[in-house]
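Mapping of the sequence shown onto this note's numbering: residues 163 to 349, in sequence order. Don't be surprised by glycine CBs; every beta carbon is placed ideally from N, CA and C. Data block below; observations after.
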Amino acid sequence: GKPSITVDIPVLPGTMDLRSVPNGASVMMAEQYLGKTPLTIPDISPGSYDVVFSRFGYQKLSTRVPVEAGRFTEVTVTLVPDTGSLAITSVPAGARVMVDGENTGIAPHFAGNLTGGNHTIAVSLDGYTSVPLNVMVIPGQTVSVTIRLTPMLPQKTETARAAGPSPVIMVAGLVAVLFLIRNVYRY
163 GKPSITVDIP VLPGTMDLRS VPNGASVMMA EQYLGKTPLT IPDISPGSYD VVFSRFGYQK
223 LSTRVPVEAG RFTEVTVTLV PDTGSLAITS VPAGARVMVD GENTGIAPHF AGNLTGGNHT
283 IAVSLDGYTS VPLNVMVIPG QTVSVTIRLT PMLPQKTETA RAAGPSPVIM VAGLVAVLFL
343 IRNVYRY
């Protein structure tokens with residue numbers, strides 16, 4: 163036979179540069195935690211890898227990342243906030259609804275795409291007192307909130323009277339005048 167030569171050409175590894183908006187997402191690959199973004203992973207064998215990005219308050223995001231021999235693969239993902247919603251009713255209905263200080267509508271009202279966590283709700287209607295309420299929004303759920311408004315108490319008002327001397331002074335003056343007239347006619 164003919165002589166043959168076998169040459170093993172080493173496969174050059176690739177590199178992944180992983181970023182997220184916002185930064186600080188945890189990165190998992192093959193169910194193994196690799197770190198937080200921004201993250202550079204060198205010396206990866208060529209192939210496709212499923213990479214999972216997760217961060218509290220945001221939806222998990224999984225993406226397939228191709229790695230080529232000797233190449234630098236950049237991946238930037240934008241994480242979507244985990245949101246929930248509020249179904250807000252007021253008693254009586256028709257109150258103006260404010261969520262976190264922003265006018266959002268009239269009750270009954272649906273406020274969607276709210277980030278998970280505490281939010282301040284206030285409803286207002288003429289003739290009723292408005293009290294802000296803190297409500298916990300749960301991602302993936304609609305929380306129902308009913309706010310019962312309390313009628314305002316009537317305010318004490320001063321009784322208006324005409325300008326000029328008070329009635330007591332006028333009566334005292336009249337008595338004095340009559341007394342003087344009586345005394346003048348005696349003489």
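Straight-line gap, T238 to V183 (C-alpha atoms, nearest Å): 7 Å
Closest residue to G302 among M260, S247, D288 (Cα-Cα distance): It is S247.
Cβ-Cβ distance between V259 and G176 below 8 Å: Cβ atoms of V259 and G176: not closer than 8 Å.
Nearest-angstrom beta carbon gap, A269 and G256 [assumed within contact, 8 Å]: 7 Å
Local Cβ density within 10 Å of S252, reported as buried at 16 or more and exposed below that: buried
Buried versus exposed, by CB contacts within 10 Å (16 or more), F215: Result: buried.
Beta strand (DSSP E) runs wholly inside the region 175–208, at least 3 long, in chain order: Those beta strand (DSSP E) runs which fall completely within the region 175–208 and span 3+ residues are 176–183, 188–191, 194–198, 201–206.
8 Å Cβ cutoff met for G279 and V299: yes
Where the beta strand (DSSP E) containing M260 begins and where it ends: Counting along the chain, M260 sits inside the beta strand (DSSP E) bounded by residues 258–261.
Straight-line Cα distance separating L287 from G263: 16 Å
Terminal residues of the beta strand (DSSP E) in which G246 lies: 245–253
Inter-residue Cα distance where the pair is G232 and V169: The straight-line gap from Cα to Cα measures roughly 19 Å.
Neighbourhood of V307 by C-beta distance below 8 Å, restricted to the same chain and skipping five residues each side: L248, A249, I250, T251, I283, L295, V297
Per-residue DSSP class, three states only, for D212: strand
M298 in three-state terms, based on DSSP: strand
Where I309 falls: helix, strand or coil (DSSP): strand
Reference V261; option with closest CA among P254, V242, H281: H281
CB contact check: Y195 to chain D, cutoff 8 Å: The chain labelled as chain D is not found in the depicted structure, where only one protein chain is given.
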